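Single-structure report; data block below.
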Amino acid sequence: MTEVPLHYATIAEQASLVRSKAISPVELTRAYLDRIDHLDSRLEAFITVLSDRAIEEATEVERAIASGAYMGPLHGIPITLKDIIHVKGVPTTAGSRVLDGSVPDEHSTIVRRLSDAGAIILGKANLSEFAMGGTVDHPFGTPRNPWDLDRTPGSSSSGSGVAVAAGLCSAAIGSDTGGSIRGPASFCGITGIRPTYGRVTRQGVVPMCWSMDTVGPMTRTVEDCAIVLRAIAGHDSADPSTGRAQVPDYRESIEDGVRGLRIGVPRELTDFEGLNWEVGDAVTKAIGVLDELGATSSEVSISTAPSSGGVLVTVADTDAAAFHSRWLRSRGDDYDWNTRTRLEAASLIPATAYIKAQQARTLVQREMLALFDRFDVLIAPSSNAPAQSIESATGRPGGNYQGLRDMARRRLTSPASLAGLPALSVPCGFSKSGLPIGLQIIGKPYGEDTLFRTGHAYESATGWHAMHPAL
Amino acid sequence: MVDLSKEQILELTNAAGLSYDDIRAEIIAARLTTVLQVLDELPDDLEAAAEPLPIFTLDSEDRDD
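Going down the list, the sequences are from chains A and B.
217 is the number of the first residue of the first sequence in this note's numbering; add one for each residue after it.
7 is the number of the first residue of the second sequence in this note's numbering; add one for each residue after it.
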């Protein structure tokens, strides 16, 4: 029997309890629904809680398990979805008034795959409007960091991060274009992965940037992340951007350790103006732990990193502006002030600048891919600082926009995003004020297995992942 | 060095039939200036270094089954 409260137990632990019938899917689902009822008015992690539907699904799943039809580690496990992921018959808001009343008539592929694995869909998680980050006015409540309710949980997968960190679900699905899984994972002290571009289908997911969006799991442990990713990854004929690379059982190699692992430590990502010293210190110590476990780390340069933030914003924001062009004209006032301003600014980016950014993107990708001839993973912070206050993050006008300082901090997550590479964030410590710090582990294309074994080795040697906020 | 002003933004958006207030125009000017400044610092001969991607590729990845 697990020693931690059920709501903080890992999927692996919960699956063992469910399989042995020590606990039923209905009990597990009810435990989360009760906790959501108790805490979410303060946390604002959810936009829609599917209480009745989740209990119905759990009841059905319980019958299946009782009849011997156990489907695997996600069978009976309650999962939350970022509210850009379509669930049949359930409104998708994308955290915006613009989509008010929009109800999809079919599941997204991700939901079908989770349901096929026996998972329970618990609800739709709050987020920054249209997954863009920087929302000032959240129409469905402002998500709060469970470690400090006056702090932001990061964006744009804010509600997903909160729900996992606060023990409101077993796992969540978020999305990451320029850091929207890694940021909240870092700020909330949990694990999250931005998979390789094309590893997970985006069919039935509201887009932010069609050439960079990824969808991935957010969990309390690396093993849980591996379990969920296996269930949702793989080619989808309905999404031509998905690759045909086989999906391995990521758990098979997760205990392989890091002996002989070659770690690159990009100096442009670990030593720059704007990097909080506590974050830098925590990451340095984390690299030391991995070296002690048998890895070999050495410094490397990513010359394109300093400009990668500006390149990403040009590409991603312009892609988003194209998607939103019609709504901006007809429903402009329904957007959050900051989101709207960002989209309008992007609408004015010259086409020549966009082309230049895409050319620069090619160079970023080329440089990043070449590094994996010499290294197995790259390590950097997930965010430049711990979570900031909600007041400073949402102050008008312009939210927390700080011009070139914003571009500087974006260099941490932009290289992997621009190059389509997978990147895992795991907790690696806390600031003096008790705020989580995240470690980013970047891999080669379809190298999620290496990320998981690295993250798992680090997690097993430390214990940051086992700490939970006092709620 | 690019340094857009809110007046320039207002001129541009008015010409497009859009009407923005001063604060919005100022923030848009700041965002655009930042992005264009970063892009300005990229090498001039980017197109020589970053050739277009091929349109047709051989699919050499493993298939699912």
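C-beta atoms are modelled at their ideal positions from N, C-alpha and C, and glycine is treated no differently.
Note that the structure is predicted; figures quoted are calculated from it, not measured.
The region 252 to 285 of chain A is shown to contain whole beta strand (DSSP E) runs of 3 or more residues at 262 to 265, in chain order. In the displayed model, A/V422 falls within coil according to three-state DSSP, outside both helix and strand. Selection A/S649, A/P359, A/I653, A/M584 evaluated against A/S633 yields A/M584 as nearest (Cα-Cα). The C-alpha of A/V495 lies about 25 Å from the C-alpha of A/V580. Sequence-distant Cβ neighbours of A/C441 in its own chain, meaning closer than 6 Å and more than five residues away, are T407, I409, P433, T435. One thing to note: A/V474 has its Cβ within 8 Å of the Cβ of A/L509. The C-beta of A/T351 comes no closer than 8 Å to any C-beta of chain B. Under the three-state reduction of DSSP output, A/S641 falls in the strand class. In this structure, A/V481 sits away from A/V642, with a CB-CB distance that is not shorter than 8 Å. Within the region 544 to 622 of chain A, complete beta strand (DSSP E) segments of at least 3 residues are found at 593 to 597, given in chain order.
Spatial neighbours of A/M428 in its own chain (CB-CB distance under 8 Å, excluding positions within 5 residues in sequence) are listed in chain order as T393, G394, Y413, L528, V531, A532, D535, S633, L634, G636. Under the DSSP assignment, A/E484 falls in the alpha helix (DSSP H) whose first and last residues are 483 to 486.
In this structure, the beta-carbon distance from A/R398 to A/V378 does not fall below 8 Å.
Per DSSP, A/L628 lies in no alpha helix (DSSP H) and is assigned neither H nor E. The beta carbon of B/D46 is closer than 8 Å to those of M7, V8 in its chain, skipping five residues each way along the sequence. A/I227 is positioned such that its CB atom lies closer than 8 Å to that of A/I443. Distance from the CA of A/W543 to the CA of A/V314, rounded to the nearest whole angstrom, comes to 8 Å. For A/V416, no Cβ of chain B is located within less than 8 Å of the residue's own Cβ. Between A/A247 and A/L222, the C-beta spacing is below 8 Å. B/V44 is classed as buried because its beta carbon has at least 16 other beta carbons within 10 Å across all chains shown. Around the C-beta of A/K501, fewer than 16 other C-beta atoms lie within 10 Å, and the residue is accordingly described as exposed. Looking at A/Q604, A/T670, A/H684, the one whose alpha-carbon comes closest to that of A/G476 is A/T670. Boundaries for A/G383: no alpha helix (DSSP H) harbours it, and the DSSP string shows neither H nor E there. The bridge partners DSSP lists for A/A449 are A/V416. Within the same chain, and ignoring the five residues on either side of A/T309 in sequence, the residues whose Cβ sits closer than 6 Å to its Cβ are I263, D299, L315.
Neighbours of A/L445 in chain B, taken as residues at a C-beta separation under 7 Å, are lacking, since the least C-beta distance is about 16 Å. For A/L297, there is no enclosing alpha helix (DSSP H); the enclosing beta strand (DSSP E) has its first and last residue at 294 to 298. In the structure shown, A/Q656 adopts extended strand secondary structure according to DSSP, grouped into three states. With a threshold of 16 other beta carbon atoms within 10 Å, A/E471 falls short and is exposed.
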